[in-house]
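Sequence order for the protein chains is A and B.
Whatever position you read off the first sequence (first residue = 1), add 356 for my numbering.
Whatever position you read off the second sequence (first residue = 1), add 356 for my numbering.
Protein chains: 2
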Amino acid sequence: MDTTSISSEASRWEASTLASELSFLLARSNALSLAAGNAALRAFGLKVRSYPVLALVCDDLRPTQRELADVLRLDPSQVVSLVDELEGRGLIERQVDDRDRRAKVLVPTAAGRALYLDARDAVLAAEEGPLRDLDAAERTLLADLLRRVAFAPGE
Amino acid sequence: MDTTSISSEASRWEASTLASELSFLLARSNALSLAAGNAALRAFGLKVRSYPVLALVCDDLRPTQRELADVLRLDPSQVVSLVDELEGRGLIERQVDDRDRRAKVLVPTAAGRALYLDARDAVLAAEEGPLRDLDAAERTLLADLLRRVAFAPGE
DNA sequence: TATTGTTATACTCTATAACTATA
DNA sequence: TATAGTTATAGAGTATAACAATA
Chain A
357 MDTTSISSEA SRWEASTLAS ELSFLLARSN ALSLAAGNAA LRAFGLKVRS YPVLALVCDD
417 LRPTQRELAD VLRLDPSQVV SLVDELEGRG LIERQVDDRD RRAKVLVPTA AGRALYLDAR
477 DAVLAAEEGP LRDLDAAERT LLADLLRRVA FAPGE
Chain B
357 MDTTSISSEA SRWEASTLAS ELSFLLARSN ALSLAAGNAA LRAFGLKVRS YPVLALVCDD
417 LRPTQRELAD VLRLDPSQVV SLVDELEGRG LIERQVDDRD RRAKVLVPTA AGRALYLDAR
477 DAVLAAEEGP LRDLDAAERT LLADLLRRVA FAPGE
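The following block contains the structure:
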């Protein structure tokens, strides 16, 4: 049996020194996830940049723009334009925080909630592509490990 | 004991609906890894965009530019400018492929190899930051799971 | 005809600094 | 003084189309 015809061309890179580095594996996995996510969100007029803003607002966390910038690792000025866009579409609203009148708390509209629920289904379905080789237990394990990387104290 | 003072502010997002989505965890983990990687590579005049090119070339895989575009998920025109930069610094060289004179095979110079070995050490050290909460077994497990996402057949 | 590398171009994203209003 | 949001701007990254050389 000719094993060389079985091994796909991808294995050439999969076995490379680079592919042993977590940073490369994270980058490539994220690139695949990004492409799938953007494709799924296009139908809702959202992108992987705007969707997380809508998601956190619709999760009733009442985040301020500053908090969004921190958790999404965006510059505060970028949050401004993303919030402008979503507010312009009537999906979320800015509310001046009573306890600190500098801050603006973000809350969802009914239309925002409705769109979010549909968009979220699409995002979860789109993840199926990159994750297709992992069973349910492996996906949970991957999520738990990644959560500890993403929210490592001090980062 | 006041447990609210122990739970860091990050847990507010860590427990959000968004933080259960693999795509978000990948994006945030990658963002942290990217920042750490760029900081470590700055001393070598490299970035997280150029380092993988040098790495695959120095791993003696003799990749063509087209192959680099595929594995690094870059447009072929982006590979041109990255290769221009590394070749201009005398770190790699273009060689016309004898079997297909359209293709250019990339090979390292002695200077390229030397820089790569140092840069690689710095990259591995920089990964320590985001991964600090995972022990050796967990890092291996994470890498194995991510490799199956990054190189899922059909992607 | 199709593919590799290249050039050119426009668009998106990111980083920085300065400004305002509040604290 | 310091911080939240805002504006403006420049730089880096990305996507697209067209072209020459080769298959």
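C-beta: ideal position from N, C-alpha, C; glycine also.
One thing to note: A492/A has its Cβ no nearer than 8 Å to the Cβ of L402/A. Annotated three-state conformation of V461/B is strand, per DSSP. A Cβ-Cβ distance of about 5 Å is found for the pair A506/B and L381/A, placing them in contact under the 8 Å criterion.
Cβ contact annotation for A396/A (same chain, cutoff 7 Å, sequence separation greater than five): A478, V479, A481 and A482, in chain order. Residues of chain B with a Cβ closer than 7 Å to the Cβ of T373/A are, in chain order, A411 and D415. L442/B and Y407/A have their C-alpha atoms spaced approximately 37 Å apart. Close to D489/B, with beta-carbon spacing below 7 Å, are these residues of chain A in chain order: R504 and A508. For E449/B, the uninterrupted beta strand (DSSP E) segment begins and ends at I448 to V452.
The beta carbon of L438/B sits closer than 6 Å to the beta carbons of S406 and V409 from its chain, once the five residues preceding and following it are set aside; these are given in chain order. Looking from the CA of P464/B, the closest CA among W369/B, T496/B and R418/B belongs to R418/B. Taking a cut-off of 8 Å on C-beta distances, the segment 484–504 of chain B touches the segment 494–508 of chain A, as three or more cross pairs fall below it. Distances from the CA of R368/A to each of K460/B, E423/B, E449/B and A391/B were compared; the closest alpha carbon is that of E423/B. Residues of chain A whose Cβ lies closer than 8 Å to the Cβ of V463/B do not exist; the shortest such Cβ separation is about 15 Å.
Our two residues, D426/B and A459/A, have alpha carbons roughly 44 Å apart in a direct line. By the rule that beta-carbons nearer than 8 Å mark a contact, E484/B does not touch chain A.
Here the C-alpha atom of P509/B lies approximately 25 Å from the C-alpha atom of V404/B.
Residues of the segment 387–405 of chain B with a Cβ closer than 9 Å to any Cβ of chain A, in chain order: A387, L388, S389, L390, A391, A392, G393 and V404. For S389/B, the uninterrupted alpha helix (DSSP H) segment begins and ends at L378 to L397. Residue burial is scored here from C-beta neighbours: V413/B has at least 16 other C-beta atoms within 10 angstroms and is therefore classed as buried.
L473/A is the residue among E494/A, L473/A and L462/A whose C-alpha sits nearest the C-alpha of F400/A.
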